[in-house]
Structures are given as structure tokens and as C-alpha cells.
Amino acid sequence: MNWFVQMMSSTIGRKLLMALTGLFLILFLVVHLSGNLLLLKGDSGEAFNTYAHFMGNNPLIKFISIGNFSFILLHIVYAVLLTIQNKKARPIGYAVESTKTSKWNSRNMGILGTVILIFLVVHLQNFWFQMKFGYVPVDAFNNKDLYTVTKEAFGQWWLVSLYVVSMVFLALHLSHGFASAFQTLGLNHRKYTPLIQFIGLAFSIVVPAGFASIPLIMFFSQL
Ligand code: HEM
């Protein structure tokens, strides 16, 4: 057990944990987006509410959800620990900020992550908290009508704007995080690294764009 504590206190252990939790959260985003796209099906929320009911009541999904929240927490805690560690190692900072070798987003993952965290708090309050602890009417199939909650939320221009802007920050965070996680896991190969970088870039554009499209379409159309 001692080796595990030692490992998790070392820089490489912390980076490994950031990478693994980050990859799990990337997987979560794919599942979450796939389910949320049902909001755009044009069936007055029938498919989405059925999906949300399944996700909220299936014991296995409930277990995964606890894992999901734990991983989000670990990802944040270890990000803070690594930032403090880096600051201690270099309290003054570089005299000349490197521009060519490291991109803005890779140097500002903490800022990007903080904006995403603020988005997440607002988001969970809007939907998750509402579903678990608030009053949500039921639809014709006796499922909680989360579709109507979402539709009403995305009828507000400022919330739609918050979602769209936050997705730009998510895209920037992912565009560094995706490839960086694979590099931390040791996958550094002349042939495969450019492919991973390409998939990472495509992912960080497509997934946030998919999320941003939902409030935009719901706001501008009659869905
Ligand atoms: C238009 C975009 C989005 C919509 C409509 C949406 C909708 C929802 C809804 C309805 C819930 C509560 C029901 C459920 O757990 O499935 C939820 C939960 C959640 N959302 Fe979103 N979401 C969006 C984007 C995002 C993004 C971009 C993130 C992360 C950066 C995110 C993270 C979460 C998390 C962590 C939960 C709690 C999941 C759990 O119970 O394990 N969501 N979302």
C-alpha cells in the first residue's frame, strides 16, 4: 500500500492519474452527447425522457455515475496539486514565454479547467440537481419530463450563450488534454502519435460543437 501512496505523491503518479481520469471523462462525454442528441429528435422528448429514466434508475449506471463524479473530483484535486508543485519548482516563471513550442491552451489548462468547472456547477444545478432533488413533472409515459426542463432552460438566450462559450473552452481543454493523456501513458510513437493528435483535434471540435448545437437548435427552432 505504501508503494501506492508513494506513487500517487510523485509527479509521474499524479500525471498518470490526470491522464486516466481525463480519458474516462472523455468517454463520458461521448455517451452524454449521444444521449443528449435525442433532445433534437423532434418527438416531444419521448426518446430523451426514456433514456434519462434509464440512466437515472439502472443500478449499473448509478454505480458508474458515482465513479464519474469521483473521477471529476480526482481530476480537479490532482490538477491543483500539480499546479502547486509546478509553481514551487519554478516560482518566478520563464523569462521568455515560449510561443512556438507550447501552445496557449497547453500552458493554460488550469484556467480552461476552472472555466469548465464553473460551467459544470451551473449545469449540474440546472439539470442534475433539478432531476434528483427538484420538482419535475412526468410525461405521458410516467417518466420525469426532463425534456421540458431542458427546453425551458434553453429558451433563455443568456444560458444558451453560456453553453456555447463554455464549449469553446471545453474544445481548447480537450485539444491539449486528449493527446497529452496518451503521451503520459507512454504512447509516443513516430507512426501513431500524429494519428492520435489528429483524432484528438477532431474529437475536440466535433464533441463540443455537438454539445453547443443542442441549446442553439432548441433556442432557434420549435423543437
Ligand atoms: C447541451 C449540452 C448538454 C445537455 C443538454 C446536458 C444535459 C444533462 C442532463 C439532462 C443531465 C441530468 C440527467 C443525466 O444525468 O443524464 C446532465 C448531467 C450531467 N452532465 Fe450534462 N448536458 C450537456 C452538456 C454537458 C457537458 C459539456 C458536460 C461536461 C463538460 C456535462 C456534464 C454532466 C455531468 C457530469 C452530469 C451528471 C451525470 C451523472 O449523473 O453521472 N454535460 N446533463
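With my numbering applied, the sequence shown closes on residue 433, and no number is skipped along the way.
The beta carbon of each residue, even a glycine, is placed where N, CA and C say it ideally should be.
C-alpha distance - residue i paired with residue j, whole-angstrom precision
i    : j    : result
F264 : W338 : 14 Å
V416 : P269 : 30 Å
F374 : I271 : In the sequence as presented, Phe is not what sits at residue 374; that position holds Val. The alpha-carbon atoms of V374 and I271 are separated by roughly 28 Å.
T231 : I282 : 7 Å
H242 : Q340 : 17 Å
L235 : A389 : 14 Å
H333 : F273 : 21 Å
L161 : K342 : Because the chain is modelled from 211 through 433, residue 161 falls outside the range shown and cannot be assessed.
T360 : Q393 : 38 Å
V370 : F429 : 7 Å
G266 : L397 : 36 Å
Q216 : L284 : 17 Å
I424 : V346 : 21 Å
Which listed residue (the options) has its alpha carbon closest to that of residue i
i    : options                : result
A441 : I321, N212, I286, I271 : The shown model of the chain, from 211 to 433, leaves out residue 441, and the question about it has no answer.
L292 : Y261, L330, L226       : L226
N246 : M377, L380, Y357, L327 : Y357
Y288 : L405, N398, P404, T221 : T221
N318 : K342, A262, H386       : H386
A499 : K354, Q335, V370, Q216 : A question about residue 499 goes unanswered here, because the residues of the chain that appear run from 211 up to 433.
N296 : S280, W314, G320, L372 : G320
V240 : F421, L397, M428, K251 : F421
N315 : Q335, S414, L405, L330 : S414
T324 : N212, V290, G252, F214 : V290
L395 : A299, W213, G223       : G223
F330 : A299, L372, M218, K313 : Just to set this straight, residue 330 is Leu in the shown sequence, not Phe. Of A299, L372, M218, K313, the residue nearest in Cα terms is L372.
Neighbourhood of residue i by C-beta distance below 8 Å, restricted to the same chain and skipping five residues each side
i    : result
I326 : S376, F379, L380, H383
Contact set for residue i: own chain, Cβ-Cβ below 7 Å, skip 5 residues either direction
i    : result
N278 : F238
P404 : none
L233 : A391
L322 : N315, F379, L382, H383
Close beta carbons around residue i, own chain, < 6 Å, minus the five adjacent residues each side
i    : result
L248 : A257, F258, Y261
Under 8 Å: do the segment 361-373 and the segment 406-420 share three or more Cβ pairs, one atom per stretch? Judged by Cβ distances under 8 Å, the segment 361-373 makes no contact with the segment 406-420, as fewer than three pairs qualify.
The segment 348-356 / the segment 250-264 touching (three or more Cβ pairs under 8 Å): yes
Just to confirm the assignment: which complete alpha helix (DSSP H) runs, minimum length 4, are found wholly within the segment 250-278? Taken in chain order, the complete alpha helix (DSSP H) segments of 4 residues or longer contained in the segment 250-278 are 256-267.
Just list the beta strand (DSSP E) runs in the segment 361-385, keeping only unbroken ones of 3 residues or longer that don't cross its boundaries, in chain order. none
In chain order, what are the residue ranges of uninterrupted alpha helix (DSSP H) at least 4 long that sit wholly in the segment 220-244? none
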